[in-house]
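The structure under discussion appears below in the form of structure tokens.
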Amino acid sequence: MMKILIGTPINEIKDYCMVRWLENVSKLLKQYPADFLLVDNSPGLEYISKVKGYCKKIGIKSYQIEHLIINQHQPVAEHIGRSREIIRQYFLAHHYDAWFSWESDQIIPVNTLSKLVEIMKAGDYKMVHPNAWSREVQNEPDADFGVCLISKWCLEKYGFLLDGLDARRSWHGGEAWFKKQVLKGGGSFIEIYGIINPIYHLKK
Amino acid sequence: MRVLIGTPIHELKDYCMEKWLKNVAKVQKQYRADLLMIDNSKGTTYIEKVEGYCKKFGITNFALDHFEIESENVDVSQLRSMRVEYAQEMIRQATLKGGYDAWFSWECDQIIPSNSLKKLSEMMQLENYMMIVVNSWSRLIPNTFNANMGVTLISRQALQNARFLPEKNGEISRNIADGYDVDETMFKKRILKSGGNYIEIYGVIKPIYHLTK
Chain A
0 MMKILIGTPI NEIKDYCMVR WLENVSKLLK QYPADFLLVD NSPGLEYISK
50 VKGYCKKIGI KSYQIEHLII NQHQPVAEHI GRSREIIRQY FLAHHYDAWF
100 SWESDQIIPV NTLSKLVEIM KAGDYKMVHP NAWSREVQNE PDADFGVCLI
150 SKWCLEKYGF LLDGLDARRS WHGGEAWFKK QVLKGGGSFI EIYGIINPIY
200 HLKK
Chain B
0 MRVLIGTPIH ELKDYCMEKW LKNVAKVQKQ YRADLLMIDN SKGTTYIEKV
50 EGYCKKFGIT NFALDHFEIE SENVDVSQLR SMRVEYAQEM IRQATLKGGY
100 DAWFSWECDQ IIPSNSLKKL SEMMQLENYM MIVVNSWSRL IPNTFNANMG
150 VTLISRQALQ NARFLPEKNG EISRNIADGY DVDETMFKKR ILKSGGNYIE
200 IYGVIKPIYH LTK
């Protein structure tokens, strides 16, 4: 069985869907046991207390919450990129096989993780991206990091911070950049459409 | 799986036609498949040239069809798109009519490993995917993903559920308003809407050379 870390950047802005999402996490963990790490990039520590309350209510006992101190005026892409890097560092320090990147506004079927693990193993893919649907543009498939399984192979090689030595000069477009790095490094990935469904990308 | 390799061709792509047909011959040796080329050049002279190339590379199980769409009142790029869409629809219908299990959509400016079709058909059968789209990199913008229909295996089921152009009075529509600007995301969405699925694979089939000259 692959040792998986579910790792998710969170922010108080997404509080509108946090309880529903944590209920979904709880159900999914019953189908595929995994460790659970949240990285909160909200201002202050108050939101962490709130999320802890939610976890208690829903019965999620085993989890970690880290806090990222960041100027709230920095771009959202930077909030996410730095949060992902914290997840990556935690991942590497604890020797997981894969990171299940799962945004807190996406409700997914409870067998999603076990299905993605099967697909990753079958094709020896380094990443598996199911399509969610764009939150803003209806009927637009979106196979990015919202729901995806990323192998250790990728995370050992590539990070999420801006690096003076690489060509990337902006926090924006970080996901496409990461995918290209995986290909440049000799890896492969797969985007799967209509296989994990339904996925609800919540906006309220 | 019984597969039809189906490709729209045009004399504009003559710069790579010989290289591509040489590649087709190699792919066919690894995985037996029929070849259908739909020429949309002006006149039928180019068909004769392509027949000559096929003979040169020992390709015997092929068919060539031809059509022309001309219109003075339409933008050149729109017309070009319409021709590709019309050819795609012709191939879709030929695949269904011919009883094939899948259409291997393979553009004539893409050079692929000779085991590509074998690999894709194995993947399709193993996981029951309805379409496998291969990233083949943009021809014009370096380092840009290109997961359109350039190298794509499309199952019969997907072709039954999704079309490229509608029919009007028993014939494929030539009305520009029915076109979709060769935006393959439309075809992909039709597959999803019909309850189907597909995958896009990156770094699995390599190298792929998307020829510009």
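Protein chains in written order, with numbering that gives the first Met the number 0: chain A, 0 to 203; chain B, 0 to 212.
Glycine included, every Cβ here is placed at the ideal spot set by N, Cα and C.
As the structure is a prediction and not an experimental result, all values here were calculated from the model.
| query | What are the boundary residues of the alpha helix (DSSP H) that includes Y201(B)? | reply | Segment 197 to 201 is the beta strand (DSSP E) holding Y201(B); no alpha helix (DSSP H) there.
| request: Taking only the alpha-carbon atoms, compute the straight-line gap between V49(B) and E139(A) and give it to the nearest angstrom. | output: Rounded to the nearest whole angstrom, the C-alpha separation of V49(B) and E139(A) is 40 Å.
| field | 8 Å CB neighbourhood of L95(B) in its chain, flanking five on each side removed | value | Around L95(B): R155, L158, Q159.
| request: Check the Cβ of Y197(B) against every Cβ in chain A and list those closer than 7 Å, keeping chain order. | output: The answer, in chain order, is Y192, G193.
| said: Looking at chain A, is there any beta carbon in it that lies within less than 7 Å of the beta carbon of L116(B)? | reply: Chain A, which has no Cβ nearer than 7 Å to the Cβ of L116(B), makes this no.
| query | What is the DSSP secondary structure of S40(B), reduced to helix, strand or coil? | reply | Looking at S40(B) - three-state DSSP - the assignment turns out to be coil, as it is neither helix nor strand.
| field | Touching by the beta-carbon criterion (3+ pairs, under 8 Å), the segment 55 to 63 of chain A and the segment 131 to 145 of chain A | value | Of all C-beta pairs linking the segment 55 to 63 of chain A to the segment 131 to 145 of chain A, fewer than three are shorter than 8 Å, placing the two stretches out of contact.
| field | F99(A) and I3(A) closer than 7 Å at C-beta | value | Pairing F99(A) with I3(A) gives a Cβ-Cβ distance under 7 Å.
| Where does the unbroken beta strand (DSSP E) through I3(A) begin, and where does it stop? | Unbroken beta strand (DSSP E) run through I3(A): 3 to 9.
| request: Could you have a look at L201(A) and say whether DSSP puts it in helix, strand or coil? | output: If DSSP states are grouped into helix, strand and coil, L201(A) belongs with coil.
| said: If I follow the unbroken beta strand (DSSP E) through I189(A), where does it start and stop? | reply: Its beta strand (DSSP E) spans residues 188 to 192.
| task | Could you tell me the distance, in whole angstroms, from the CA atom of I153(B) to the CA atom of K188(B)? | result | Here the alpha carbon of I153(B) sits roughly 14 Å from the alpha carbon of K188(B).
| message | Does W136(B) come out as helix, strand or coil in the three-state DSSP assignment? | response | Coil at W136(B), not helix or strand.
| With burial defined as no fewer than 16 other Cβ atoms inside 10 Å of the residue's Cβ, what is the status of Q87(B): buried or exposed? | When all chains shown are included, Q87(B) counts as buried.
| What three-state label does DSSP hand M119(A) in the structure shown? | Looking at M119(A) - three-state DSSP - the assignment turns out to be helix.
| task | Measuring alpha carbon to alpha carbon, tell me which of V150(B), L3(B), Y201(B) ends up nearest A101(B). | result | The shortest C-alpha separation from A101(B) is found at L3(B).
| request: For the beta strand (DSSP E) holding H65(B), just list the boundary residues, first then last. | output: In this chain, the beta strand (DSSP E) harbouring H65(B) covers 61 to 65.
| said: Which of the three DSSP states is assigned to K179(A) in this structure? | reply: Helix, per DSSP.
| said: Taking its Cβ as the centre, do 16 or more other Cβ atoms sit within 10 Å of I190(B), making it buried, or is it exposed? | reply: Classification of I190(B): buried, given that the 10 Å Cβ count is 16 or more.
| request: Measure the Cβ-Cβ separation of D108(B) and L35(B) and say whether it is below 7 Å. | output: Using a Cβ distance threshold of 7 Å, D108(B) and L35(B) do not count as a contacting pair.
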